[in-house]
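So that you can map any letter, position 206 of the sequence shown is 661 in my numbering, and since no number is skipped, the others follow by simple counting.
Idealized CB from N, CA, C, for every residue including glycine.
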Amino acid sequence: MISFVILHYKNLNDTIECIESINKLDGEKSIIVVDNNSTTKLDQKKILSYTNDLVLLNNNLGFAKGNNAGCKYAIEKYQPDFLCVINSDTIIDQKGFMNQIYDLYDKYNFDILGPKILPEASESCNPFKVYKTLDEVESRIEYTKKLIRLYKNPLLRNILNAYIKIKRIFVKPVNNKNGDIDTIDVALHGCALMFSKKYYEKFKDVFYSETFLFHEEEFLYLRCKQNNLVSLYSPSISIYHKEGQSIKKEFNKNRNQGLIFRNEEILKSLALLKQQMKG
Numbered sequence: 456m457i458s459f460v461i462l463h464y465k466n467l468n469d470t471i472e473c474i475e476s477i478n479k480l481d482g483e484k485s486i487i488v489v490d491n492n493s494t495t496k497l498d499q500k501k502i503l504s505y506t507n508d509l510v511l512l513n514n515n516l517g518f519a520k521g522n523n524a525g526c527k528y529a530i531e532k533y534q535p536d537f538l539c540v541i542n543s544d545t546i547i548d549q550k551g552f553m554n555q556i557y558d559l560y561d562k563y564n565f566d567i568l569g570p571k572i573l574p575e576a577s578e579s580c581n582p583f584k585v586y587k588t589l590d591e592v593e594s595r596i597e598y599t600k601k602l603i604r605l606y607k608n609p610l611l612r613n614i615l616n617a618y619i620k621i622k623r624i625f626v627k628p629v630n631n632k633n634g635d636i637d638t639i640d641v642a643l644h645g646c647a648l649m650f651s652k653k654y655y656e657k658f659k660d661v662f663y664s665e666t667f668l669f670h671e672e673e674f675l676y677l678r679c680k681q682n683n684l685v686s687l688y689s690p691s692i693s694i695y696h697k698e699g700q701s702i703k704k705e706f707n708k709n710r711n712q713g714l715i716f717r718n719e720e721i722l723k724s725l726a727l728l729k730q731q732m733k734g
């Protein structure tokens, strides 16, 4: 059995579309939806018409703690062969998706598996680029602090936005691309991760639980390196990712507020990552 854990926050249509895509997959499965304190009674009723497993959180716990709650529920109730933790703004429509996970485990004995992320040239791809050294993290911390100061100053913010618009005219954006071959010992994007039973039996929590949002990938990669775990990327399985719909919806009326929130949370996560790297 594969347990699919979906973290839900406000985007009900996306969550239901995600559940519907999983229900079409062949194979024994369970679907656990974790609501980060965002649903009405009517929303809950709609979700429960697609799955019997709905975990209601009393507060918005963010990505790591919210998913950990769903994984704990799945483990206690189903003891699945794999936990498939996916964002609510993802769709799985690949035939043989679940069978392929079993085949890849037989071949590589992986701890964590990441799929090819569609559409190509989006912000999401695998293998995923992460900060791997303390110097990289410290540099990003200082850069993020500068961004926050800019976004909080109306004059500097307008100058920055004008610069970005001009830059887009003359500088061609770098298109991210998924790898073409199976690759081990790599960092993986957090929108869709498959954890084997041998992984979740080793750790109290599936994700490092102290972050709220952002950079969960670095913590997983660091855990893999410190514990000699097998992290695998394989283009033989794929998902479609709509890219950050919950945050976009939360701040669609105030983009600047959203940018400040995003970078403040990034800064918190990077500070925690720095501590972990220092040991």
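Three-pair Cβ contact test at 8 Å for the segment 617-624 versus the segment 653-666
no
For residue 688, report the span of its beta strand (DSSP E) as first-last.
686-696
Return the CA-CA distance between residue 486 and residue 580, expressed in angstroms with no decimal places.
24 Å
Where residue 547 and residue 610 are concerned, what is the direct C-alpha to C-alpha distance, given to the nearest angstrom?
44 Å
Residues in its own chain within less than 6 Å of residue 489 by CB, not counting five upstream and five downstream?
462, 510, 521, 524, 525
Should residue 690 and residue 634 be called a contact, given that it needs their Cβ atoms to be closer than 8 Å?
yes
For residue 577, collect the residues of the same chain with a Cβ closer than 8 Å to its Cβ; drop the 5 residues on either side in sequence, then sort them by chain order.
631, 696, 698
Start-to-end residues for the alpha helix (DSSP H) that takes in residue 592
589-607
Neighbourhood of residue 726 by C-beta, 8 Å cutoff - its chain only, sequence neighbours within 5 removed:
596
Quick one: which unbroken beta strand (DSSP E) runs of 3-plus residues sit fully inside the segment 538-577? Chain order, please.
567-573
Please tell me whether residue 497 has its Cβ less than 8 Å away from any Cβ of chain C.
The chain inventory of the structure shown lacks chain C, comprising one protein chain alone.
Nearest to residue 543 by CA position, among 502, 457, 556, is which residue?
502
Nearest-angstrom Cα separation, counted from residue 491 out to residue 513
8 Å
Would you say residue 563 and residue 684 are within 8 Å of each other, going by their C-beta atoms?
no
In terms of residues, what are the limits of the beta strand (DSSP E) holding residue 456?
Taken as a continuous stretch (DSSP letters only), residue 456 belongs to no beta strand (DSSP E), as it is neither H nor E.
Determine the burial state of residue 497: buried for a count of at least 16 other Cβ atoms within 10 Å of its Cβ, exposed for fewer.
exposed
Using three-state DSSP, classify residue 643 as helix, strand or coil.
coil
Our contact map puts residue 607 next to residue 721 with C-beta atoms below 8 Å; I'd like the distance itself, whole angstroms only.
Contact flag wrong, Cβ pair sits at about 15 Å.
Once DSSP output is grouped into helix, strand and coil, what is the label at residue 480?
coil
Hey, how far is the Cα of residue 602 from the Cα of residue 665?
23 Å
How should residue 589 be labelled, buried or exposed, when 16 other C-beta atoms within 10 angstroms of its C-beta is the threshold for buried?
exposed
On a CA-only basis, which of 593, 723, 541 is nearest residue 736? Give me that one, please.
The structure shown does not extend to residue 736, since the chain spans only 456 to 734, so no value can be given for it.
Between the CA atoms of residue 668 and residue 648 - distance to the nearest angstrom:
16 Å
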